[in-house]
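Below is one structure, written out as structure tokens; comments come after it.
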Amino acid sequence: MTPAGEAWAAHRDALKPLLAALGVSGEALPELRPTASDPVAAAAERCGVRAHRAPVTQALTWLPKAPVLASRDGEPVALLPSRRGWTAVEATGRHGRPVSPADAGGFDENCWVMRARLPHTGITGRRLLRFSLRGAAMPLTGTLAGGLLAAVLAFAAPIGSLLLITAVLTDDDALFGWTCAAVLGAVPLGRLLAEMRDHSTSALQTRIEATVEPAVWERVLSLPLPFLRRYSSVRLLNHAGGIGRLRSLLGPSGLDALLNALFSAVAIILLMLVDGILGLVAAAVTACLLTLLGWLSWAQQKHDMRVYDAVESVQSTVYPALLGIDEVRAYGAQQLVFRKWWQGFDAQKCADDAGLRHAEVSAALIAATLPLLLCVLLPVVQLRGIGLTGIWAVSFAGVQLNLALSRLPGVLQAVFTLRTTYARLEPILATAPETPPAGVLPGRLTGRAELRGVTFGYPGSAEPVLKGVDLTVEPGEFLAVVGESGAGKSTLLRLLLGLDRPDAGAVLLDGHDLAGLDLGAVRGQMGYVPQDSKVLRGTIRSVILGSAPEHDEEAAWYAAGLAGIADEIRALPMGMDTRLTDGESGFSGGQLQRLLIARALVGRPRILLLDEATSALDNATQDEISTAIGALGITRIVVAHRLSTIRRADRIVVVSDGRITESGSADLPSASGGPFPDPDATTLT
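Everything in the sequence shown is counted per my numbering, starting at 6 for the first residue and increasing by one.
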């Protein structure tokens with residue numbers, strides 16, 4: 006076995022207990038993938054687990070607790086979460102010594118943090134609930150037990166009062182003493198149980214947050230592009246962010262609903278035991294109050310959702326306007342933007358005011374609950390001749406029902422809001438990710454790509470963008486794609502990446518249909534610079550390594566050298582640590598394009614796709630980069646309009662009206678009256 010194979014075998018053994026802790030079988034771990042720059046992350050992903058690199062000090066201190074694959078002197082060590090930290094698991098499977106955050110210095114610098122992923126299929130709310138509560142039995146039990154016991158102890162005061170009155174009337178000193186002792190003991194015990202409930206609730210919410218929210222956001226990032234195109238970025242952000250509001254249902258809102266129901270039921274049952282008619286009257290009054298408060302809460306929730314929609318509309322207007330503030334000012338459109346903002350803001354305030362009116366009515370009704378109950382029930386006590394016991398029961402039931410009903414609007418409001426929030430989140434959960442779990446691993450790509458009878462059209466378009474396209478690109482070939490705007494050149498590159506899927510025909514890589522391949526493994530061997538691409542915020546190092554974070558700074562300098570920008574980075578005072586913001590910190594368009602090219606090259610791809618990626622470069626710099634990339638011997642497919650970009654191409658294809666109309670070397674189209682007949686031209690016509 007090779008050294009790489011031996012290292013992977015050790016990591017396989019260490020991964021198994023970590024996967025088991027997440028409810029995943031590690032027996033089906035795939036073999037080492039020679040094309041994977043991070044075989045641990047790739048293997049975990051094949052098993053439905055997310056493994057991301059992080060400094061071991063972060064993983065053992067402030068990151069949410071999760072299974073960790075660390076290493077000590079290069080030897081893998083599995084760390085399983087425990088109540089007091091982590092437990093190291095030896096290669097034999099035997100649990101070893103406990104590990105605390107203070108022991109982080111004894112491990113190598115980086116580790117893999119394991120997170121469970123949502124199933125690859127569409128999931129329902131019930132499956133999401135099961136997923137979120139996986140491994141949370143202890144905090145869930147503590148939350149429910151603490152809440153129920155605290156609720157039971159809440160009856161100590163009224164029951165104790167009745168016993169004390171009885172003891173005084175009967176002159177029973179023993180009953181009086183024991184009752185006083187029990188009541189005094191119940192007060193600190195109730196406080197202790199309430200603290201236990203709050204602590205367990207906080208632990209439950211933290212665990213759900215650490216498990217579900219990363220899984221949901223990873224699901225969003227893996228959804229098919231046709232689905233994502235249906236939503237604006239602000240709308241998608243708000244809808245996916247609803248998982249945080251759903252989480253609260255398992256916290257105070259859910260527990261309050263349970264306790265309120267318990268309080269109300271016990272109070273009415275107590276009245277039933279005292280007198281059946283009295284209990285029925287109390288139940289009828291309570292039902293009327295519940296109905297009225299429920300309707301008010303439902304009406305208030307409708308206005309609150311109008312506020313939510315108005316805020317979303319305002320954000321959808323302001324966010325793009327701020328990003329394009331130069332264009333807004335250049336066209337003098339400030340008043341137009343402000344008018345659109347004001348329309349959304351006005352709708353928000355109107356809905357807010359309407360909701361507040363319903364909230365005020367609810368508050369007034371709750372304030373009148375106890376007097377109303379006493380006014381209705383005390384005459385019944387008098388008519389039925391129940392006496393002191395009835396008065397005590399009515400007083401106790403009135404207080405308990407008033408307490409339950411005072412909490413009801415908040416609970417109903419939370420439930421209604423969560424229902425609407427889940428309805429907005431449901432399409433995200435019900436849509437399967439673009440990559441099937443059983444995608445075939447492509448192995449090491451040679452660089453051969455083929456489009457066979459491909460037809461593709463965007464949803465809502467009158468006719469297909471590409472119509473029966475046949476194209477073969479050989480390994481190491483430099484292919485230039487030219488044609489008029491809207492001919493389908495960029496779409497062709499997107500099909501090769503699997504970002505879009507053909508309506509008819511097939512895209513083949515090394516003879517394998519792309520539809521059946523593991524798209525993550527395929528894209529890991531492809532570099533892509535889209536048209537009008539933007540750099541992400543961060544340091545130059547993070548921008549270049551963004552597509553391959555497992556690489557080190559040496560790889561970043563290597564890619565920067567290929568892109569012809571290494572010397573300019575060295576000349577900067579902070580070098581690779583220079584930060585880029587939304588304004589790109591004064592970098593020129595050509596420098597930004599070269600950073601994007603470096604990002605595409607850092608993973609040493611087998612196929613490089615460039616869509617107008619050198620349009621801002623001068624000819625000398627472009628030739629330098631083209632020569633450096635050409636020496637790599639990789640397949641290049643370039644979309645461009647400048648002749649200086651494509652004259653070095655081995656072959657040029659012309660796309661017109663969704664079809665490939667010409668194919669040949671740079672001088673053949675000129676001889677046949679093709680798209681650039683003027684030998685002195687600099688751009689295509």
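C-beta atoms are modelled at their ideal positions from N, C-alpha and C, and glycine is treated no differently. Predicted model only: the values in this text are computed from it and were never measured.
- Taking each of P432, A618, A46, V217 in turn and checking the Cα distance to L601, the smallest one comes out for A618.
- Counting of Cβ neighbours within 10 angstroms places V192 among the exposed residues, the total staying below 16.
- Beta-bridge pairing by DSSP links L294 to no other residue.
- Taken through DSSP and simplified to helix, strand or coil, E667 comes out as strand.
- Counted as a single uninterrupted DSSP element, the alpha helix (DSSP H) harbouring E573 occupies residues 571-575.
- Between V217 and F350, the beta carbon gap of about 33 Å keeps them out of contact (Cβ cut-off 8 Å).
- Between G462 and D508, the C-beta gap is smaller than 9 Å, which places the two residues in contact.
- About 5 Å separates the Cβ atoms of R224 and L123, confirming a contact at the 8 Å cut-off.
- Here T92 is bridged, per DSSP, to L85, P103.
- Contact annotation: the segment 420-440 does not touch the segment 315-328, with fewer than three C-beta pairs closer than 8 Å.
- Annotation: A326 to E558 spans about 36 Å, alpha carbon to alpha carbon.
- By the CB criterion at 9 Å, T626 and G591 fall outside the cutoff.
- For F483, the closest of L500, Q340, D655 by C-alpha to C-alpha distance is D655.
- Taking S237 as the centre and dropping the five residues before and after it, the same chain places the C-beta of S321 closer than 8 Å to its C-beta, in chain order.
- Across the structure, D628 and A141 are spaced so that their CA atoms are roughly 59 Å apart.
- Linking D203 to V157 through their CA atoms gives a straight-line distance of about 16 Å.
- Within the same chain, L417, F421 come within 8 Å of W303 by CB-CB distance, once the 5 residues on both sides are set aside.
- M579 sits in coil when the DSSP states are folded into three classes, being neither helix nor strand.
- Within the same chain, L276, V385 come within 6 Å of L283 by CB-CB distance, once the 5 residues on both sides are set aside.
- Closest in alpha carbon position to R196, among G165, G110, V540, G151, is G151.
- Each residue's CA atom was taken as its position, placing L615 and V512 some 18 Å apart.
- The segment 478-498 and the segment 519-528 do not touch, with fewer than three beta-carbon pairs separated by less than 8 Å.
- Here P610 is buried: its Cβ has 16 or more other Cβ atoms, across all protein chains shown, within 10 Å.
- Note: D616 is bridge-paired with V644 in the DSSP secondary-structure output.
- Shown here for P469: same chain residues with a beta carbon closer than 8 Å to its own, the five before and five after excluded, namely T460, F461, G462, D508, G663 in chain order.
- By the Cβ neighbour-count rule, V445 is exposed, with fewer than 16 other Cβ atoms within 10 Å of its own.
- Taken in chain order, the complete alpha helix (DSSP H) segments of 4 residues or longer contained in the segment 317-398 are 330-335, 339-372, 374-389.
- E455 is a Cβ neighbour of G516, given a cutoff of 9 Å.
- Annotated three-state conformation of L153 is helix, per DSSP.
- Taken atom to atom, the span from the alpha-carbon of C293 to that of L378 is near 12 Å.
- Spatial neighbours of S227 in its own chain (CB-CB distance under 8 Å, excluding positions within 5 residues in sequence) are listed in chain order as P438, E439, T440.
- R429 and L423 have their C-alpha atoms some 10 Å from each other.
- For W91 and Y563, the gap between their C-alpha atoms comes out near 39 Å.
- At a Cβ-Cβ threshold of 9 Å, Q598 and L567 do not count as neighbours.
- Of the residues assessed, N624 falls on the exposed side of the cut-off, its CB having fewer than 16 other CB atoms within 10 angstroms.
- Closest in C-alpha terms to S76, from the list W347, P69, A93, comes A93.
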